[in-house]
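Below is one structure; the comments refer to it alone.
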Amino acid sequence: MSKIETLLLWLNETWGNRNFNYADKLLTEDATVRGAMTREPVSVGEVKEFAQTISGLLGPINASSELAVEQGDWLAARVIVETENPRDRTPFRFSDHFFVRFEGGKIAEVISQLDYFTLFENLGQLPPEALAACMTGETLDWKQSGLDTDP
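Sequential numbering of the sequence shown, starting at 817, is according to the numbering used here.
Written out as structure tokens, the structure is:
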């Protein structure tokens, strides 16, 4: 199995089919994952918990590769995830960029940069065009959502 096939199998089986323990077959025991949501690399167990949390927000998931480059033990890939908002079944796509290191055919290290803005905009948790609004210097107003912490 190629490196991109291994990555997509991990994503589609664990996230797509919600078979979170399948990660044990494709990741080394001491594999680490890091990305925008983690300051430090996290363990396989923590990745399983994170996958359960995020996939619980989404409808069915299908990951495919738009671009993949392999060099030695490393894979660099742009992955497109197709899913839907479970509230209204509106389909949407978001991307993730991966650098993945392999040891003996298994995933040993993952660096991921998921497009959280697109993900959370399509789930209705961020307003449309939130990234563009942030780039103007404006702040997001949470008062309507009940998340206002001002006394």
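Note that beta-carbon positions come from the ideal geometry of N, C-alpha and C, so glycine has one too.
For residue i, collect the residues of the same chain with a Cβ closer than 6 Å to its Cβ; drop the 5 residues on either side in sequence, then sort them by chain order.
i	result
L930	D912
P902	G875
Mind checking residue i: buried by the 16 CB within 10 Å criterion, or exposed?
i	result
V885	exposed
A852	exposed
E925	buried
A839	buried
Among the candidates the options, whose CA atom is the shortest distance from the CA of residue i?
i	options	result
L891	A948, F933, N837 and E919	E919
S818	T869, A893, E845 and E856	A893
R850	L942, S859 and L842	S859
F910	D889, A949, N938 and T830	N938
Q868	R855, R834, T848 and G940	R834
E865	D889, F836 and G953	F836
G888	T955, V863, L825 and G921	G921
Per DSSP, residue i forms a beta bridge with which residues?
i	result
D912	V895 and L930
L842	DSSP output for L842 lists no bridge partner at all.
F881	Correcting the residue type first, residue 881 is Ser in the shown sequence and not Phe. According to DSSP, S881 bridges with V895.
Q887	W890
E919	K922
Under the assumption that residue i contacts residue j (Cβ atoms under 8 Å), give the Cβ distance between them as a whole number of angstroms.
i	j	result
I896	F914	Actually they are not in contact, since the Cβ atoms of I896 and F914 sit about 12 Å apart, beyond 8 Å.
S881	I820	5 Å
L827	A879	4 Å
Would you say residue i faces chain D, with C-beta separation under 9 Å as the test?
i	result
E862	Of the protein chains in this structure there is only one, and it is not chain D.
Ignore the nearest five residues each way along the sequence and tell me which others in residue i's own chain have a CB closer than 8 Å to its CB.
i	result
R905	G875
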